[in-house]
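The structure appears below as structure tokens.
In the numbering used here, the protein residues as written are 1 to 189.
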């Protein structure tokens, strides 16, 4: 599949994953791109973060074959507004490191390994807990709106993050959301 400006985030990710797999390079989709996918693009991040145990040099070589160029920390393609980033691993969610991805997305014949909806919520809550990032709290709630979430798992994880006040705020916001049946507006600065 050729990269175009009109392709979806899922298609863009699949092209990158397929190309990396041709070179024996594995990767896992994490971060805001998971939120974008799980909220049907309500959160429209332009970057797709992948964690890979392979070097940036190996990744750059593989992706350059299909037109990607490394620009700073990003891999950009001239035919897309979306771009790739490969933060250093391993995969972590808050203080829990390493984390094994619990979900995958099939796009055509390509399997994209990624965080599950529950892991995605935990990832966003980690930013809320540790950096007071209200947008990340909103993103966690958006994912909860659209997907079954393992709240017992999140509670166990949150206890280890040692931030009961913020976890309680998350639960209060989630309860209000479920009672109101209204969509949560985007956070403003």
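Where a beta carbon is used, it is the ideal one built from N, C-alpha and C, also for glycine.
Backbone secondary structure at residue i - three-state DSSP
i           : result
residue 172 : helix
residue 103 : strand
residue 50  : strand
residue 114 : strand
residue 17  : helix
residue 29  : strand
Cα-Cα separation between residue i and residue j, rounded to whole angstroms
i           : j           : result
residue 42  : residue 154 : 23 Å
residue 105 : residue 87  : 21 Å
residue 142 : residue 162 : 23 Å
residue 80  : residue 56  : 21 Å
residue 159 : residue 4   : 44 Å
residue 93  : residue 82  : 24 Å
residue 70  : residue 91  : 22 Å
residue 178 : residue 23  : 45 Å
Option in the options with minimal Cα separation from residue i
i          : options        : result
residue 60 : 47, 45, 46, 77 : 77
residue 89 : 69, 49, 68     : 49
Rounded Cβ spacing between residue i and residue j (contact assumed at less than 8 Å)
i           : j           : result
residue 115 : residue 128 : With 8 Å as the limit, residue 115 and residue 128 do not qualify as a contact, their Cβ atoms being about 16 Å apart.
residue 15  : residue 1   : 5 Å
residue 9   : residue 37  : 6 Å
residue 140 : residue 156 : Contact flag wrong, Cβ pair sits at about 16 Å.
Would you be able to state if there are at least three C-beta pairs under 8 Å between the stretch 101 to 120 and the stretch 26 to 41? The answer is yes - the stretch 101 to 120 touches the stretch 26 to 41, with three or more Cβ pairs under 8 Å.
Cβ pair count under 8 Å reaching 3, the stretch 57 to 75 against the stretch 99 to 117: The answer is no - the stretch 99 to 117 does not touch the stretch 57 to 75, with fewer than three Cβ pairs under 8 Å.
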